[in-house]
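Chains as they are written, first to last, in this note's numbering: chain A, 1 to 81; chain B, 1 to 265. Cβ coordinates follow ideal geometry from the N, Cα and C atoms, glycine included. This report refers to the structure that appears directly beneath it.
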Amino acid sequence: MLIKLLLAVSLSFSVSCFAGTEKPSSNLLIDPATRSALDAGAQKKSTRSDPPAEKKDTQSTAESGSDQHTPMIDYCRNNPC
Amino acid sequence: MKTKSLKNLATTVLVCFATTATAGSPHWNHTEESTWWAAEDTSQQLPLKFPYATCGVGKHQSPIDLGAATLDGSKSLNKVAAQYGTDTTPVFYNSGHGVQVNTSTDYSGALKIGDESFPLIQFHFHEPSEHVIGDKKFPAELHFVHINADGRIAVLATAIDIGAENAAFQTVLNNVPHGEGERNENSGITFDPAALLPDLNPEDLDYYTFAGSLTTPPCSEGVQWYLLPKIITISSAQLEQLKGFYTNNARSPQSLNGRTVLSTQ
């Protein structure tokens, strides 16, 4: 009887501890199960022609020859963008 | 040559939109999202019929539903590094649409994408998250906005969940003014935006990337998005504080129109 009582107390204590913790379920944007499903979807579609890969752009900022202030910067300092 | 011409064209379009919007931004808010494209600007000498038309007709709009996207982790992608560092005079800004922090004009923090450097111009928050995964929305989302010398935009985004209190986020909340359009330029606070990044190697970030747009009018396209695979947390009390400024300032997911999301993982 005493053992049952002790078990019940310890169980309710651990449940209340977990309930009171503000903890995200995972620190991942996409959980592994969803990610697997999305990857599987991508493999199914792989027979289609792939979109162009993001190229490793080797053009440097200096090459663009523009260190002038762009109006977009002013816009984004005044708006959410 | 062709790439350069395309870049110039994209820049011209972005600048054109920016100039138009800055000159006489017609009113907009998130509750009227479905009619952004139809807004008219009568403040101009030559009234602009639909200055935010891209919001309605654009084919590469943001945000998106990652759960509906095709993910491709097989491509070789640029190395991306968040090289931020401390800003000695950040400007805490209530934009009228959200909580925002502008970096100072002499701030040297940037997002390094391959060999290119995209200076960090500002970061801001949305509640709830703009990007979703199927039915799943996060309580909030943080966008770091970077613009390079020729006007191209790269946004680094991280989802925000409820969890441990976030000291860096509290600094933002404590210093953003409550009045719409107000700025706090003399807070005396120094701030390193890297304090708001999730637990990832900042010198070699993992990410999901796709071509998108600004998520607010004028919804300009040509924005490259980098979504971080890990999230950050704030406490529920901090979320309530954020809602005290703005709530439901998130655009709904837009059609993918065949876009693929590339991933480093």
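Just verifying my parser: in three-state terms, what is the DSSP assignment at residue i?
i	result
B:Trp28	coil
B:Gln265	coil
B:Ile232	strand
B:Gly212	strand
B:Ile64	coil
B:Glu182	coil
B:Phe138	coil
B:Glu33	helix
B:Leu196	helix
B:Gln224	strand
B:Ile189	coil
B:Ala149	coil
B:Ala250	coil
B:Val172	helix
B:Leu46	coil
A:Asp31	coil
B:Asp204	coil
A:Pro52	In this prediction, A:Pro52 has a pLDDT of 41, which is less than 50 and means its spatial position is unreliable; nothing more can be read from the coordinates.
A:Asn78	helix
B:Leu77	coil
Using 10 angstroms around the beta-carbon of residue i, count the other beta-carbons present and answer buried if the total reaches 16, otherwise exposed.
i	result
B:Tyr42	For the sequence presented, residue 42 of chain B should be read as Thr rather than Tyr. Label assigned to B:Thr42: exposed.
B:Ser95	buried
B:Ser108	exposed
B:His143	buried
B:Thr141	This sequence places Glu at residue 141 of chain B; Thr is not what is there. Looking at its Cβ environment, which holds 16 or more other Cβ atoms inside 10 Å, B:Glu141 is buried.
B:Leu46	exposed
B:Asp87	buried
B:Val155	buried
A:Cys81	buried
B:Ser263	buried
A:His69	exposed
B:Pro193	buried
B:Asn102	buried
B:Gly58	buried
B:Glu286	No statement about residue 286 of chain B is possible, as the shown extent of chain B runs from 1 to 265 and does not include it.
A:Ala33	exposed
B:Gln122	buried
B:Asp161	buried
B:Gly212	buried
B:Ser252	exposed
From the beta carbon of residue i, is the nearest beta carbon of chain D less than 9 Å away?
i	result
B:Asn102	No chain D appears in this structure, whose protein chains are A and B.
Looking at the strands, I want to know which residues DSSP matches up with residue i.
i	result
B:Phe118	B:Leu111
B:Thr54	According to DSSP, B:Thr54 bridges with nothing at all.
B:Asn102	B:Val91, B:Gln122
B:Thr260	B:Thr70
B:Gln83	B:Ala110
B:Thr158	B:Leu142
A:Leu38	A:Leu38 pairs with nothing; no bridge assigned.
B:Ile133	B:Lys136
B:Asp41	B:Leu48
In chain B, which residues lie with their C-beta within 7 Å of the C-beta of residue i?
i	result
A:Pro80	Ser95, His97, Gly98, Gln100, His124, Thr216
Kindly list, in the order they appear in chain B, the residues whose Cβ is closer than 8 Å to that of residue i.
i	result
A:Ala33	Within 8 Å Cβ-Cβ: nothing; A:Ala33 doesn't reach chain B, min ~11 Å.
Chain A partners of residue i, CB-CB under 8 Å?
i	result
B:Gly222	Simply none; closest approach about 10 Å.
B:Leu227	Leu29
Since residue i meets chain A, which of its residues come closer than 9 Å, beta carbon to beta carbon?
i	result
B:Val145	Cys76, Pro80, Cys81
B:Lys230	Asn27, Leu28, Leu29
Going along chain A in order, which residues have a C-beta closer than 7 Å to the C-beta of residue i?
i	result
B:Ile189	Those within 7 Å of B:Ile189 in chain A number zero; the least Cβ separation is about 18 Å.
#### Entry: Against chain A: residues of the region 64-85 of chain B by CB proximity under 8 Å
Taking 8 Å as the Cβ-Cβ cut-off against chain A, the residues of the region 64-85 of chain B that qualify are Leu66, Gly67, Ala69, Thr70, Leu71, Asp72, Gly73, Lys75, Ser76, Leu77, Asn78.
### Message
Residues of the region 144-163 of chain B in Cβ contact with chain A at a cutoff of 9 Å, in chain order, please.
### Response
Flagged, chain order: Val145, Ile147, Asn148, Ala149, Asp150, Gly151, Arg152, Ile153, Val155, Thr158, Ala159, Asp161, Ile162, Gly163.
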